[in-house]
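In terms of my numbering, the sequence shown is residues 104 to 336. Cβ atoms here follow ideal geometry from the backbone N, Cα and C, with glycine treated the same way.
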Amino acid sequence: MYFPPLGFTGDEINLLNPHPEARKARVKILGKINPTKKGFKPLIREIKFSFSLTRSVPTEKTSAYAKFSEKYSKSQLKSWKNWFYVVKENGWGNFHSLINLSNEWVVAFLEKELVDQKTIDLKSYFEKLPQPEAKKLRVAIQRIEHTGDKIFDDTKFVSELLKFPSKILVPFLIQMLNVQETGKHENCTFFALLLKIAKKNKRQVLEKVKRAIEFKSAPYYYLEDLERKLSKS
Numbered sequence: 104m105y106f107p108p109l110g111f112t113g114d115e116i117n118l119l120n121p122h123p124e125a126r127k128a129r130v131k132i133l134g135k136i137n138p139t140k141k142g143f144k145p146l147i148r149e150i151k152f153s154f155s156l157t158r159s160v161p162t163e164k165t166s167a168y169a170k171f172s173e174k175y176s177k178s179q180l181k182s183w184k185n186w187f188y189v190v191k192e193n194g195w196g197n198f199h200s201l202i203n204l205s206n207e208w209v210v211a212f213l214e215k216e217l218v219d220q221k222t223i224d225l226k227s228y229f230e231k232l233p234q235p236e237a238k239k240l241r242v243a244i245q246r247i248e249h250t251g252d253k254i255f256d257d258t259k260f261v262s263e264l265l266k267f268p269s270k271i272l273v274p275f276l277i278q279m280l281n282v283q284e285t286g287k288h289e290n291c292t293f294f295a296l297l298l299k300i301a302k303k304n305k306r307q308v309l310e311k312v313k314r315a316i317e318f319k320s321a322p323y324y325y326l327e328d329l330e331r332k333l334s335k336s
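Here's what the structure looks like:
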């Protein structure tokens, strides 16, 4: 992992990312990038690690992220060379973020053990669509997967995507909650798109989410959080 100067892993500096895909994970800070010599420069207490104390904490109304709160979270300052856990099997650190407090680039090594994840299966959905529409949607979903949450910077693309009928788009987005997290917040991106659709078609999205829970067709954490948000609003 690379951290730019004053960079952070969360969507915003005070938000913690959910990591339901991780059974456990740990990080080792290798140090600051040294532009003049081989190896790394020392880093002493310049990475802020913020983490949840339990698996379940309140999330933001419009996203799957959790705002840092001393009631549910804690922070620690970390240095280079030593391994430290960011997620434990009991749910500790299920929400967390890392913040580079230095003015230099930092490199870290991540070791993660994943929980069992379902294979993404979109074939049956694509087969129901006319070929031009299927091709257009396939390209759009691939672009979202490769771009992650930065896709929201392209408001024209998002607007065009949401023109697809919700009865077609929602099942695709629910399936994509199974996507592998690679640091671009891919799962949370598809989660946020479902919430955007629900602003106009809440009942339809909620029905699809409940059906997905029944058939266990996507990670329970995201489905449960969606159901909770849509049932309250």
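- The DSSP-derived three-state label of PRO145 is coil.
- The count of Cβ pairs closer than 8 Å, one atom from the segment 183-203 and one from the segment 149-163, reaches three, so the stretches are in contact.
- Taking VAL130 as reference, the option from LYS221, PHE293 and LYS151 with the minimal CA-CA separation is LYS151.
- The beta carbon of PRO121 is closer than 6 Å to those of ALA167 and PHE198 in its chain, skipping five residues each way along the sequence.
- Bridge partners of TYR105 according to DSSP: VAL210.
- Beyond the five residues adjoining it in sequence on each side, THR165 comes within less than 8 Å, by CB distance, of ALA295 and LEU298 in the same chain, given in chain order.
- C-alpha of LYS184 to C-alpha of ARG126: approximately 23 Å in a straight line.
- In chain order, ILE247, GLY251, ASP252 and ILE254 place their CB closer than 7 Å to the CB of THR292, counting only its own chain and leaving out the 5 sequence neighbours on each side.
- For ASN203, the beta-bridge partners assigned by DSSP are ILE150.
- When rounded, the separation of the alpha-carbon atoms in MET279 and SER262 is 19 Å.
- Bridge pairing for ALA169: LEU119 [DSSP].
- As summarised for the segment 256-313, the continuous alpha helix (DSSP H) elements at least 4 residues long and confined to that stretch are 258-264 and 269-278, given in chain order.
- One Cα belongs to LYS215, the other to LYS144, and the distance between them is close to 25 Å.
- With fewer than 16 other beta carbons inside 10 angstroms of its own, GLU236 counts as exposed.
- Within the model, the alpha-carbon separation for GLY142 versus LEU201 is close to 22 Å.
- Distance from SER153 to SER176 at the Cβ level is roughly 6 Å; contact confirmed, criterion being Cβ atoms closer than 8 Å.
- Rounded to whole angstroms, the gap between the alpha carbons of LEU225 and ASP114 is 27 Å.
- According to the DSSP assignment, SER176 belongs to the beta strand (DSSP E) that extends over 176-181.
- At a Cβ-Cβ threshold of 8 Å, ASN203 and LEU109 count as neighbours.
- Only residues of its own chain outside the window of five on either side were considered, and among them LEU240 have a CB closer than 7 Å to the CB of PHE267, listed in chain order.
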